[in-house]
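Q:
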Ligand SMILES: Nc1ncnc2c1ncn2[C@@H]1O[C@H](COP(=O)(O)OP(=O)(O)OP(=O)(O)O)[C@@H](O)[C@H]1O
Ligand SMILES: [Mg+2]
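As structure tokens, then:
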């Protein structure tokens, strides 16, 4: 015995939904890649800084050299500090060069004393405590662990991530909306057939199950198509060395496959749930 | 089993199509509903297969007031009722066999469980050769036979048939009547709407006669 679907398949209607779902899945993949990339990029920036801090002893201090010993003592006795070494004059000169040009006579300038501090990134000393101890010793020294800059990088990453999550939400809403619309028009077109199914004893959940099965397939096809194209596009970008060298954080890591599978599963569930709820809602209202 | 108390019915804001119906059909009974065209036979059956609720009075079926059923209960009740619709109501995109299998399929049965049963029913109504034909390619009488096979295939407790012999030749009509009588002998309650007074008198079963929506004679065929 042949076994046709109880709801006739209307030519073309499924294709349109599949294409829209695919487009939205495609965009969602890029949004997710953007969110991950931003997080990773911010991580890369801040990680490079998190093992290092500096202490600057102001040039205006009367005897910076004396203060230096006090500062080094304080730093070396601080938990989480691995090493503290003053920069040589040449190193300071190299740092200042971009601003002042090559200044052979550095000692003529009131140059600050800079101490490079190596800290344990897993056990960073508390900035406020270190600064308080330095202040207590009246060393006139300023401790800088780049916290402010790292904070700004992190909040920029958070902003990009929120935008990306917002974009994914918009994609999800668009998918749900197109499924709801298409199920609505399908139910209207199949009104008589569905009435016959109901008269034959079909429960509402049986009818919504029929639509869920159909939208499972549409979601699967759309999701595979959209995510497949997105993945291909991303590997394609990456093959262009200009992109991969400029933004190494956007290189597709191996777990992207898992993410993309996640997006496909989510798209399928979204299609099925939207279809099921639309059908049961409409049947209950007497369609 | 089937109980009507002062039942009235109208479509939307239209005139009363049925009024003041009081009767009872015991379990296992074979009952004809007769009356001229437009008298309300199909409307009465529509109330019995729970397509509409009465606009007045009360109907109880299987000891339940139909007005109190939930949607799922309505579905379960319908599985215990096989209906031959006057306009057949076959699904055109399904084959004859799939149409017959419909009540089994919607109640969750698997194809392996009902395949033989469906084939046997179709052979019985003389459509063994047309199992895989779609309704638009069937004649009126063939469609009617598919509808009959579908109504009885799930062995329902109640069989409602609206002019089930209206489109077939006398020989097939006789076969269909024999089938329904046989189902009745097996304990099914059968309610059959027809114009055909001769058929009623031949069988000697009880009948309800409708005239403009009211009951005029009840009891054994005259
Ligand atoms: N869907 C409907 N909407 C409005 N009025 C209807 C509808 N169906 C039937 N009627 C009206 O209800 C009345 C009874 O119709 P019904 O179909 O019950 O008669 P019937 O006895 O089955 O007739 P027939 O022997 O021709 O099938 C008629 O006057 C008809 O016009
Ligand atoms: Mg009728």
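Protein chains in written order, with my numbering: chain A, 1 to 287; chain B, 1001 to 1222. Don't be surprised by glycine CBs; every beta carbon is placed ideally from N, CA and C. Everything numeric in this text was worked out from a predicted model, so none of it was measured.
1. Does the region 21–32 of chain A come close enough to the region 251–271 of chain A that 3 or more CB-CB pairs lie under 8 Å?
2. Could you tell me whether the Cβ of residue 284/A comes closer than 9 Å to any Cβ of chain B?
3. Can you list the residues of chain A that residue 1107/B reaches, using a CB-CB cut of under 7 Å?
4. Can you pull every residue whose C-beta falls closer than 7 Å to some heavy atom of ligand 4, listed in chain order?
5. Using Cβ-Cβ distances below 9 Å, what residues of the region 183–195 of chain A are close to chain B?
6. Please say whether residue 71/A and residue 55/A have beta carbons closer to each other than 9 Å?
7. I want to check one thing, is the minimum distance from the CB of residue 1195/B to the heavy atoms of ligand 1 below 8 Å?
8. Could you check which residue in 1023/B, 1097/B, 1122/B, 1032/B has the C-alpha nearest to that of residue 1190/B?
9. For residue 197/A, return the contacting residues in chain B, with the cut-off set at a CB-CB distance below 7 Å.
10. Would you report the Cα separation of residue 1222/B and residue 1203/B, rounded to the nearest angstrom?
11. Below 7 Å between beta carbons is the criterion; list the residues of the region 1085–1100 of chain B that meet it against any residue of chain A, in chain order.
12. Taking 9 Å as the threshold (beta carbon to beta carbon), is residue 260/A in contact with chain B?
13. Under 8 Å Cβ-Cβ, which residues of chain A neighbour residue 1083/B?
14. Hey, residue 1050/B and residue 1077/B are a contact pair by Cβ (cut 8 Å); roughly how many whole angstroms apart?
15. Taking the C-alpha atoms as reference points, what is the distance between residue 237/A and residue 32/A?
16. Using beta carbons (cut-off 9 Å, strictly below), is residue 238/A in contact with chain B?
17. Excluding sequence positions up to five away, which residues of its chain have a Cβ less than 7 Å from the Cβ of residue 213/A?
18. Give me the chain A residues within the contact set of residue 1065/B, using Cβ-Cβ distance strictly less than 7 Å, ordered along the chain.
19. For residue 1098/B and residue 4/A, which I take to be in contact (beta-carbon distance under 8 Å), what is that distance rounded to the nearest angstrom?
20. Just the chain B side, please: which residues come within less than 8 Å of residue 30/A by C-beta, in chain order?
21. Quick check on DSSP: helix, strand or coil for residue 1110/B?
22. So does residue 1056/B have its beta carbon nearer than 8 Å to some heavy atom of ligand 1?
23. Can you list, in chain order, the residues of its chain with a C-beta nearer than 6 Å to that of residue 1164/B? Leave out the 5 residues immediately preceding and following it.
24. Can you list, in chain order, the stretches of the beta strand (DSSP E) that have 3 or more residues and sit fully within the region 195–247 of chain A?
A: The answer reads as follows:
1. yes
2. Sequence index remark: in the first chain, residue 284/A carries index 284 (1-based). Cβ-Cβ to chain B under 9 Å: yes for residue 284/A.
3. Position 107 of the second chain, counted from the start, is the residue given in the question as residue 1107/B. Correct list: 201.
4. As far as ligands go, the structure on display features ligand 1 and ligand 2 and does not contain ligand 4.
5. 192, 193, 195
6. Residue numbering aside, residue 55/A sits at position 55 when the first chain is read from its first letter. Residue numbering aside, residue 71/A sits at position 71 when the first chain is read from its first letter. In contact: residue 55/A and residue 71/A (Cβ atoms closer than 9 Å).
7. For the purposes of this step, residue 1195/B is taken as the residue at position 195 of the second chain. Residue 1195/B Cβ: within cutoff of ligand 1.
8. Within the second chain, numbered from 1, the residue matching residue 1190/B stands at position 190. Comparing Cα-Cα distances from residue 1190/B to each of 1023/B, 1097/B, 1122/B, 1032/B, the minimum goes to 1032/B.
9. The residue given as residue 197/A occupies position 197 in the first chain. In chain order: 1106.
10. Walking along the second chain from the start, residue 1222/B turns up at place 222. Walking along the second chain from the start, residue 1203/B turns up at place 203. No answer about residue 1222/B holds up, because its pLDDT of 40 lies below 50 and its placement is not dependable.
11. 1089, 1091, 1093, 1094, 1095, 1097, 1098
12. Here residue 260/A corresponds to residue number 260 of the first chain, with the count starting at 1. Not an interface residue.
13. If you number the second chain from 1, residue 1083/B lands on position 83. Per Cβ cutoff of 8 Å: 199.
14. Here residue 1050/B refers to the residue found at position 50 of the second chain. Here residue 1077/B refers to the residue found at position 77 of the second chain. Confirmed, about 6 Å.
15. Stepping through the first chain from its first residue, residue 237/A is reached at position 237. Stepping through the first chain from its first residue, residue 32/A is reached at position 32. Roughly 16 Å between the two C-alpha positions.
16. As a first step, residue 238/A is located in the first chain; it is residue number 238 there, counting from the start. Cβ-Cβ to chain B under 9 Å: no for residue 238/A.
17. For the purposes of this step, residue 213/A is taken as residue 213 along the first chain, with counting starting at 1. The answer is none, since no qualifying residue turns up.
18. Start at 1 with the first residue of the second chain, and residue 1065/B comes out as number 65. Chain A residues near residue 1065/B: none, gap ~20 Å exceeds 7 Å.
19. Numbered from 1 along the second chain, position 98 holds the residue referred to as residue 1098/B. Numbered from 1 along the first chain, position 4 holds the residue referred to as residue 4/A. Indeed they touch by this definition, with Cβ atoms about 6 Å apart.
20. Taking the first residue of the first chain as position 1, residue 30/A is located at position 30. The contacting residues do not exist; residue 30/A stays about 40 Å from chain B at best.
21. On the second chain, position 110 is the one that residue 1110/B refers to. Looking at residue 1110/B - three-state DSSP - the assignment turns out to be coil, as it is neither helix nor strand.
22. Along the second chain, read from residue 1 onward, the residue named residue 1056/B stands at position 56. Checking every heavy atom of ligand 1 against the Cβ of residue 1056/B, none is found closer than 8 Å.
23. Against the second chain, residue 1164/B aligns to sequence position 164. Contacts found: 1084, 1148, 1176.
24. none
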